[in-house]
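For reference, the structure discussed in these notes is given below.
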Amino acid sequence: MSVHFVTCSLCEAMCGITLEVERGTIAHIRGDPDDPLSRGFLCAKALALKDVHEDPERLHQPLRREGNRWLAVGWEEALSEAADRLHEVRARYGANSVAFYSGNPNLHSYTAQLAEPEFTQSLGTRMRFSTASMDHLPHLFAAYHLFGHQLLMPVPDLDRTEFLLIIGANPAESNGSLMSAPGIPRRFRELRSRGCRIVVIDPRRTRTAELADTHLYIRPGTDALLLVAMLHTLAQEGLLKPGRLETFTHGIDEVVQAARPYAPERVADATGIAAETIRQLAREFAAASAAVCYTRIGACTQEFGALTCWLALALNALTGNLDRRGGAMFPRPAVDIVRVGALLGRRGSYALWHSRVRRLPEFGGELPVATLAEEIDTPGEGRVRALVTSAGNPVLSTPNGPRLDRALAGLDYMLAIDFYLNETTRHADLILPPVFILERDHYDLAYRAFAVKNTARYVPRTFDPGPSNRTDWDIYIGLAERLWTRQGGVRGGAGVLRLWLLRRLGPQRLLGMLLRLGPYRLTLARLRREAHTIDLGPLTPCLPGRLYTRDKMIHLAPEVLLADLNRLAKRLSSGNSPPASLMLIGRRQVRDNNSWMHNMPRLMTGADRCVLLMHPADAAERGLRDGQAVEVRSRTGTVTVGLKVCDAILPGVVSLPHGFGHGRPGTRLSVANRHAGASVNDLTDERRIDALTGTASYSGTEVLVRAAAV
Ligand SMILES: Nc1nc2c(c(=O)[nH]1)N[C@H]1C(S)=C(S)[C@@H](COP(=O)(O)OP(=O)(O)OC[C@H]3O[C@@H](n4cnc5c(=O)[nH]c(N)nc54)[C@H](O)[C@@H]3O)O[C@H]1N2
Ligand SMILES: Nc1nc2c(c(=O)[nH]1)N[C@H]1C(S)=C(S)[C@@H](COP(=O)(O)OP(=O)(O)OC[C@H]3O[C@@H](n4cnc5c(=O)[nH]c(N)nc54)[C@H](O)[C@@H]3O)O[C@H]1N2
Ligand code: SF4
Ligand SMILES: [Mo]
């Protein structure tokens, strides 16, 4: 038997786990009590690592579509064929006729993160999409404008705060996001036992809300109003005290001015939170010796995502809680991705150019996913004809999935880099499957930069990948080399040379270089010697030194965000949606991982999880009862799901999880297909976006619900 200490990289929590391997198979999976971040915690998904590893339906060899069949092909042949076909399309229609979509698991693979930019460069396309624009783009946007760098995003100094205000996050279920903090129940217990107050703002009483002191129900999409009214209160009552931030912050007065029209009385109806409650919340937040307002998916993926993230940062700053112990702090990871990003010229950009069909703005060189389908299915010059997806399932994850589903079927060519034949990759002409995480080495480049404690950990691979398997690094580099070769000329030659060098270096040496460049001057050899995650200490203040604005000041009141308040003011006067319709919101559940872990038998036991939650009053009004099948209809589609009547949701709001909607022909996911559920993104609408950033606005989609026809 061998024992391996590894990091689980399925979600952002990065739990330290112990794998016991006997005769080549995983015998036991346990939490590692010596991990300084997770302290022995793990969730049910960690146990399913074994299921993914052993899943007979996971792909190990390239597959080429031949009519309705899939034919296994060798790697060399597959890589060359992919490069030929992509090159053909770009030679014929121009580089921007090839689009690239990068999904969530790429953020959990350092080798993908190092090699992916090489691949996109070799494609030469502007048509780049990722999950950012249905996830954290509003955070990137706010950080870029306030701090001069998209990745300079603060996280709650969770373990040391005195007042935690959570808006639109459910870390008890999601295990934390842009706040890697495994084991939320224990952390919250410890916080509360030493007097910290926890307040949750959510249209639903979630598990997180149940662990808190106070839960306030809010109407979806109105968080910016709540925050601006809190700022109004603080200004009016003389409770603003930015403290040391004042010497390096522009725009304090502008924010105060902007908040002036938003007295709590004015926003109470729209938000559903009483004016006095808002005032009280503001006063308590300001009175705490350390407080932090933390915003996540529910705050981002809505009509006012960027405004909400910005106002939360302003609240933290104006109460002196930004860059302060127990407030919102900037982690200092061993690989400083903020600095590396700046060295590579990737601090961010906004609206330098716009999409073809809807004129949506680029951010950081990417377009919003809400425009992907129309860029494929709208005829005309510049139309997308070929697509590469990598580690993503946009048919289930992007708004108005059915439109994308149809659009994919009409592409000239599609390549998927993925180890499942799922709802998206079934449309591909060729699938290139990389190895799973246990068959490659691992370092969390991204999420160590958003953890509540500074830590570092290098994990060697647990299993040999076998001679016929390739890592994501091999695939990206292999494709990029071939694409540069086909391009030819001076640029092509330079590309080939660069990739030759990168291949010689390899991902580990690159990682070693990045570690040495980092603030702790670590070496890979040092990390290799450590069996467990190493603790690099608590978060420490770092401003103004780490700011990337030209004048080294925080720009608290950027013009684009101030101007967007006009849209918010209109929302206030437009009133609420028509009475017959309900507002749809999402939810995460601990045994799901977006769309891709439903093929794991041990995660799919128990009752159906893809059910619509509805308040008893709404159910009674429609004559619906718990457990019956209901039809949910929106502008974009109709789904049928089971109904769960429960009083833990705001009347007028219903909730459905995302990531279901399996059971489609041509997929190879027999377990998932037996628990198919329906896709919430058959209902969400690509036209509903945060107009400022183009981020998908999932929260508050208008739906009608009635009994399903039997
Ligand atoms: N188990 C599990 N864990 C996961 C994932 C998963 O799929 N499953 N996915 C991972 C990923 S990719 C991410 S990005 C993170 C996300 O992590 P979280 O942001 O914690 O995710 P959610 O659980 O979706 O929490 C969003 C909350 O916002 C609420 N909400 C919806 N609309 C509004 C609104 O308008 N205002 C307010 N105030 N609240 C609103 C919802 O009711 C919900 O409780 O989770 C990660 N972890
Ligand atoms: N309505 C609604 N929609 C949402 C959300 C929501 O809250 N509500 N959340 C959004 C968010 S935050 C996110 S992040 C997205 C997720 O959206 P996506 O990233 O598009 O979808 P996933 O379900 O995470 O699909 C991951 C894919 O990667 C594959 N995969 C797993 N590991 C690897 C690997 O190591 N390499 C490669 N190449 N492939 C791998 C899996 O087989 C799967 O096909 O969904 C978004 N969609
Ligand atoms: S919370 Fe679960 S899925 Fe996330 S890292 Fe920990 S064990 Fe893995
Ligand atoms: Mo995400």
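In this note's numbering, the protein residues as written are 2 to 711.
Virtual Cβ for every residue (Gly too), placed ideally from N, Cα, C.
Roughly how many angstroms separate the alpha carbons of residue i and residue j, rounded to a whole number?
i: residue 460; j: residue 636; result: 47 Å
i: residue 664; j: residue 397; result: 12 Å
i: residue 588; j: residue 29; result: 30 Å
i: residue 611; j: residue 619; result: 19 Å
i: residue 226; j: residue 491; result: 54 Å
i: residue 299; j: residue 700; result: 7 Å
i: residue 440; j: residue 330; result: 34 Å
i: residue 525; j: residue 366; result: 31 Å
i: residue 508; j: residue 17; result: 22 Å
i: residue 326; j: residue 677; result: 46 Å
i: residue 62; j: residue 93; result: 30 Å
i: residue 232; j: residue 586; result: 26 Å
i: residue 704; j: residue 582; result: 5 Å
i: residue 429; j: residue 169; result: 35 Å
i: residue 535; j: residue 265; result: 46 Å
i: residue 394; j: residue 427; result: 10 Å
i: residue 75; j: residue 702; result: 45 Å
i: residue 21; j: residue 4; result: 5 Å
i: residue 282; j: residue 116; result: 46 Å
i: residue 671; j: residue 57; result: 10 Å
i: residue 625; j: residue 222; result: 26 Å
i: residue 42; j: residue 187; result: 9 Å
i: residue 613; j: residue 204; result: 14 Å
i: residue 466; j: residue 54; result: 11 Å
i: residue 691; j: residue 302; result: 8 Å
i: residue 684; j: residue 639; result: 7 Å
i: residue 277; j: residue 182; result: 32 Å
i: residue 66; j: residue 431; result: 6 Å
i: residue 494; j: residue 83; result: 20 Å
i: residue 304; j: residue 497; result: 44 Å
i: residue 348; j: residue 153; result: 9 Å
i: residue 478; j: residue 294; result: 41 Å
Please decide whether residue i counts as near chain C, where near means a Cβ-Cβ distance under 7 Å.
i: residue 328; result: Reference to chain C is not applicable here, since this structure consists of a single protein chain.
Taking residue i and residue j to be in contact with their CB atoms under 8 Å, please state how far apart those CB atoms are, rounded to whole angstroms.
i: residue 712; j: residue 567; result: Residue numbering for the chain in the displayed model covers 2 to 711; residue 712 lies beyond these limits and cannot be assessed.
i: residue 483; j: residue 80; result: 6 Å
i: residue 97; j: residue 129; result: Contact flag wrong, Cβ pair sits at about 10 Å.
i: residue 307; j: residue 142; result: 5 Å
i: residue 679; j: residue 599; result: The Cβ separation is near 13 Å, so there is no contact.
i: residue 628; j: residue 390; result: With a Cβ gap of about 37 Å, residue 628 and residue 390 do not count as contacting.
i: residue 15; j: residue 249; result: At roughly 32 Å, the Cβ-Cβ gap does not stay under 8 Å, so residue 15 and residue 249 are not in contact.
i: residue 387; j: residue 99; result: 5 Å
Would you decide whether residue i is buried or exposed? Buried here means 16 or more other CB atoms lie within 10 Å of its CB.
i: residue 603; result: exposed
i: residue 13; result: buried
i: residue 36; result: buried
i: residue 1; result: The chain is shown from 2 up to 711; residue 1 falls before or after that span and cannot be answered.
i: residue 502; result: exposed
i: residue 609; result: exposed
i: residue 2; result: exposed
i: residue 258; result: exposed
i: residue 354; result: exposed
i: residue 382; result: exposed
i: residue 687; result: buried
i: residue 419; result: buried
i: residue 69; result: exposed
i: residue 631; result: buried
i: residue 25; result: exposed
i: residue 1; result: This structure cannot speak to residue 1, because the chain is shown only from 2 to 711.
i: residue 711; result: exposed
i: residue 531; result: exposed
i: residue 32; result: buried
i: residue 707; result: exposed
Which runs of the alpha helix (DSSP H), 4 residues or longer, sit entirely within the segment 617-697? 617-622, 671-675
Around ligand 4, which residues pass a check of Cβ closer than 6 Å to any of its heavy atoms? 105, 132, 136
Contiguous alpha helix (DSSP H) assignments of at least 4 residues, all confined to the segment 394-465: 395-398, 402-410
Complete runs of the beta strand (DSSP E) confined to the segment 173-243 [at least 3 residues]: With a minimum length of 3 residues, the continuous beta strand (DSSP E) runs that stay inside the segment 173-243 are 198-202, 215-217.
May I have a chain-ordered list of the beta strand (DSSP E) segments no shorter than 3 residues that lie completely inside the segment 252-305? 292-296
Below 6 Å from a heavy atom of ligand 3 - residues by beta-carbon: 9, 11, 12, 14, 15, 16, 43, 44, 46, 47, 176, 183
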